[in-house]
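First comes the structure, then the notes that go with it.
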Amino acid sequence: FNVREKQLNQQIQNLKNIKKYIHDKKESLIESKNINFSSITIQEYPQRYYLICHVKDDSNTSFLKATNEIIQKYISLTNKKDYTVSYIQYMQDIENKVYDNYQNVVLLFSNKIKSNKMKTLPKGRYVVGYHIGPWQTIQESYERLLKYINQNQIHIDNQFLEFYRIDNLTTKTEDQYVTEINVKILD
Numbered sequence: 018f019n020v021r022e023k024q025l026n027q028q029i030q031n032l033k034n035i036k037k038y039i040h041d042k043k044e045s046l047i048e049s050k051n052i053n054f055s056s057i058t059i060q061e062y063p064q065r066y067y068l069i070c071h072v073k074d075d076s077n078t079s080f081l082k083a084t085n086e087i088i089q090k091y092i093s094l095t096n097k098k099d100y101t102v103s104y105i106q107y108m109q110d111i112e113n114k115v116y117d118n119y120q121n122v123v124l125l126f127s128n129k130i131k132s133n134k135m136k137t138l139p140k141g142r143y144v145v146g147y148h149i150g151p152w153q154t155i156q157e158s159y160e161r162l163l164k165y166i167n168q169n170q171i172h173i174d175n176q177f178l179e180f181y182r183i184d185n186l187t188t189k190t191e192d193q194y195v196t197e198i199n200v201k202i203l204d
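Under my numbering, the first residue of the sequence shown is numbered 18, with each subsequent residue one higher.
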């Protein structure tokens with residue numbers, strides 16, 4: 018009887034996590050309706066946390082394996098699904114016009130976890146731009162973002178964080194995907 022009760026409690030917790038995920042996704046979509054995706058803005062972000070997993074090579078299999086690995090690690094530590102799959106691009110690549118060096122998978126989340134592998138994105142001001150369409154066409158969005166940064170003489174960190182605001186769960190075609198790109202302003 019105790020074993021069955023434990024299984025049911027786990028299933029209930031999983032359903033609660035799914036419900037929260039759907040709620041958070043819905044809130045994100047509502048928030049996204051008010052964003053002008055052609056604009057570049059400066060936004061204040063709270064301190065955020067992440068886990069990073071490096072991808073061994075550029076094959077889809079390695080990429081999916083790394084993504085699954087880091088998600089399972091996070092869930093085993095937290096029993097939650099309150100993360101955003103993200104990617105870090107580095108200034109060196111962007112300056113060399115390499116916009117698709119997806120050699121890492123990042124899980125971004127709001128609350129600290131018990132892991133010595135957890136890293137921190139500091140709170141502060143970030144330059145934020147958006148890309149509409151598949152990741153393969155993101156170059157133009159980076160060029161527009163860098164032009165804004167240079168014209169306004171903004172000093173930035175060397176890491177750009179990318180994540181989907183609108184993805185395959187909320188739209189039917191990649192042409193409608195929206196990727197947020199943000200980079201920390203150095204004061």
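Ideal placement from N, C-alpha and C gives every residue a C-beta, glycine not left out.
Please classify residue i as buried or exposed, where buried requires at least 16 neighbouring CB atoms within 10 angstroms.
| i | result |
| --- | --- |
| K201 | buried |
| N31 | exposed |
| S158 | buried |
| F177 | buried |
| S103 | buried |
| Q168 | exposed |
| I59 | exposed |
| E179 | buried |
| H40 | exposed |
| L162 | buried |
From what residue to what residue does the alpha helix (DSSP H) around residue i run?
| i | result |
| --- | --- |
| N34 | 19 to 50 |
| Y91 | 77 to 95 |
| I111 | 108 to 112 |
Ends of the beta strand (DSSP E) at residue i?
| i | result |
| --- | --- |
| K201 | 195 to 202 |
| H71 | 65 to 71 |
| D174 | 173 to 183 |
| N121 | 121 to 126 |
| I14 | Since the displayed the chain opens at 18 and closes at 204, residue 14 lies outside it and no answer follows. |
| E191 | E191 -> no beta strand (DSSP E), and no H or E assigned at all. |
So residue i packs on residue j, CB below 8 Å; how close in whole Å?
| i | j | result |
| --- | --- | --- |
| L138 | Y100 | Their Cβ separation, rounded to whole angstroms, is 13 Å, which puts L138 and Y100 out of contact at 8 Å. |
| V144 | I166 | 6 Å |
| S210 | R65 | This structure gives no information on residue 210, because the portion of the chain shown stretches from 18 to 204. |
| S49 | I173 | Not confirmed; about 24 Å, so no contact. |
| N175 | Y67 | Not confirmed; about 16 Å, so no contact. |
| I69 | K136 | 6 Å |
| K140 | Y62 | 6 Å |
Handout entry: Whole beta strand (DSSP E) elements within the region 135 to 170, 3-residue minimum
Key = 136 to 138, 141 to 149
Problem - the region 28 to 45 contacting the region 113 to 122, beta-carbon criterion three pairs below 8 Å - result: no
Exercise for the section: Assess, as a yes-or-no matter, whether the region 88 to 97 is touched by the region 50 to 59 under the definition of 3 or more beta carbon pairs within less than 8 Å. Expected result: no
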